[in-house]
Every structure is written in C-alpha cells, then in structure tokens.
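Numbering (our numbering), first residue to last: 707 to 910. Just so it is clear, CB atoms sit at the ideal spot from N, CA and C, and this is done for glycine as well. Contents: one structure, followed by commentary.
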C-alpha cells in the first residue's frame, strides 16, 4: 500500500471514529435526559427572562437592550447588555418534550430584519452558558435542591446539544418577537410547564 493511500485511510478512520463518538455522546445525553425527566415534576412555571429595550436606530441599523435571566427563587443569575447590528430583535427558545413533560430553555437572542428567522440557526448571542453552570441548571433556584438543579441540567445539556435536533419528536424551537417592545419598559418572558412562552409587561 502506498504512503498516500495509508494517509487517506488513516484520515477516514479518524473521521469515522469521531462520528461514532459524537453519536455515542448524543445518545448518552438523550438517555440521561429521559431518566432525569422521569425523576422530575413538571418544569416550574416562572418568568425566567426579562428584557429592556433601550432604543433602535433605523439610520444606523442598530438596536440595543438588556436581557436578564432569573431563577425560580427570583434571583438574577445573568445580565447581558449589548447592541445588535439590526433593527429588530427576537429571543429563541429550545423546547424539550418527552412523554407528558416539556421544558423550554432560552437558546439565543438575535437581530433580524425579519423576526422570526429560521429556527435553530447558530447566529446570534448564544445563551446556553448562562443557563448551564458546570452540571447544574442555573434557572432552578437553590431552594429546589441540588438534585433538581442537576437533573434539569441534564435536560438542558441535551437541549443545547447541536445534534439534538435530529430527535425531531423531542426537540422544537420557538421564537418570541421583541420588535414591538417599547424603549425603557421592562418585559418578562413567562415559561409554563408545557413549554409555552408568553411576553408581557413587568410590574413592580
């Protein structure tokens, strides 16, 4: 066998190994998620995300705002302040459904002249590292216990896995259009136990 053929065969073997390992990892996350959901009650209903629009400029084609993430205890866990090179904003959620249980996790916040855009796209500001802290889900308050935080973390890890969308019966994406938000007002995005997200005003 020529050296060139050996190199090609070696590269092909490495690519195949990487593919098999990726499938194994995804399968493990799927099983881990399914087991975790069996141990859990329904996803706690809460307003995990709040949003304030500062303003937009049609001339400069920019929009700025702040997204705040809260846990079930009402504690702020993350604050993202930035501007986008676009005139409209949307926030996309990834929804996991297995059996009669669903959970919706904030997936990305993004700008787009036409919101919603195609679901599950990679552009925009990814929110997974705000929701996952090591092996725990930060949206679950400490009052619910470490085990609940870890189990919801397993569900979130599967949801955020890039390849999880091949499980089309278990993964879905939904986008909330933030284009109608008024500057200076605080809005909340409320998630219920069925994976539905609604946008409303925040009242102190």
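message: Would residue 756 and residue 892 qualify as a contact pair, given that the criterion is a beta-carbon distance under 8 Å?
response: Going by C-beta atoms, residue 756 is nearer than 8 Å to residue 892.
- request: With residue 809 as the anchor, note down where its beta strand (DSSP E) starts and where it stops.
  value: The continuous beta strand (DSSP E) containing residue 809 extends over residues 807-817.
- request: Keeping to the same chain, check which residues put their C-beta closer than 7 Å to that of residue 829; ignore five residues upstream and five downstream.
  value: Same-chain partners within the cutoff: 816.
- request: Just mark residue 781 as buried or exposed, buried being the case when its beta carbon has 16 or more other beta carbons within 10 Å.
  value: Exposed: under 16 other Cβ atoms inside 10 Å.
query: Of all Cβ atoms in chain D, is any one closer than 8 Å to the Cβ of residue 800?
result: Protein chain content of the structure displayed is limited to a single chain, and chain D is not contained in it.
- prompt: Distance, Cα to Cα, residue 795 vs residue 776?
  reply: Straight through space, the alpha carbons of residue 776 and residue 795 are spaced by roughly 20 Å.
- request: State the Cα-Cα distance for the pair residue 855 and residue 847, rounded to the nearest angstrom.
  value: So the two alpha carbons sit approximately 8 Å from each other.
- prompt: What's the call for residue 842, buried or exposed, on a 16-neighbour Cβ count within 10 Å?
  reply: Using a 10 angstroms sphere on the CB of residue 842, the tally of other CB atoms reaches 16 or more, which defines it as buried.
- request: Let me know the secondary structure DSSP gives residue 859 once reduced to three states.
  value: Here residue 859 sits in helix by DSSP.
query: Among 905, 906, 861, which one has its Cα closest to the Cα of residue 800?
result: For the residues 905, 906, 861, the minimum Cα distance to residue 800 belongs to 861.
query: So, helix, strand or coil for residue 741, using DSSP?
result: It is helical.
task: Count the other C-beta atoms from every protein chain shown that fall within 10 angstroms of the C-beta of residue 868, then say buried if there are 16 or more, exposed otherwise.
output: Per the 10 Å Cβ criterion, exposed.
message: Please state the DSSP three-state secondary structure of residue 846.
response: Residue 846: coil per DSSP, three-state reduction.
query: From residue 791 to residue 746, what does the alpha carbon distance come to, in whole angstroms?
result: Approximately 40 Å, taken between the alpha carbons.
task: Report the three-state DSSP secondary structure of residue 835 (helix, strand or coil).
output: Residue state, collapsed to three classes: helix.
query: For residue 784, which residues does DSSP report across the bridge?
result: The partner list for residue 784 (beta bridge, DSSP) reads 775.
- request: Name the residue from 737, 758, 753 whose alpha carbon lies nearest to the alpha carbon of residue 886.
  value: Comparing alpha carbon positions, the residue from 737, 758, 753 closest to residue 886 is 758.
message: For residue 859, count the other beta carbons within 10 Å of its own beta carbon; 16 or more makes it buried, fewer makes it exposed. Which is it?
response: Counting C-beta atoms within 10 angstroms of its own C-beta, residue 859 has 16 or more neighbours from the protein chains shown and is therefore classed as buried.
- prompt: If we ignore side chains and look at the alpha-carbon of each, how far apart do residue 806 and residue 839 end up?
  reply: Distance from the CA of residue 806 to the CA of residue 839, rounded to the nearest whole angstrom, comes to 26 Å.
message: Can you check which of these residues, 743, 787, 811, 785, is closest to residue 881 by C-alpha distance?
response: Of the candidates 743, 787, 811, 785, the one whose C-alpha sits nearest the C-alpha of residue 881 is 811.
- prompt: Do you know whose CA, among 857, 760, 814, lies nearest residue 748's CA?
  reply: The candidate whose alpha carbon is nearest that of residue 748 is 857.
Contact under 8 Å by Cβ, residue 789 with residue 768: Yes, they are a contact pair.
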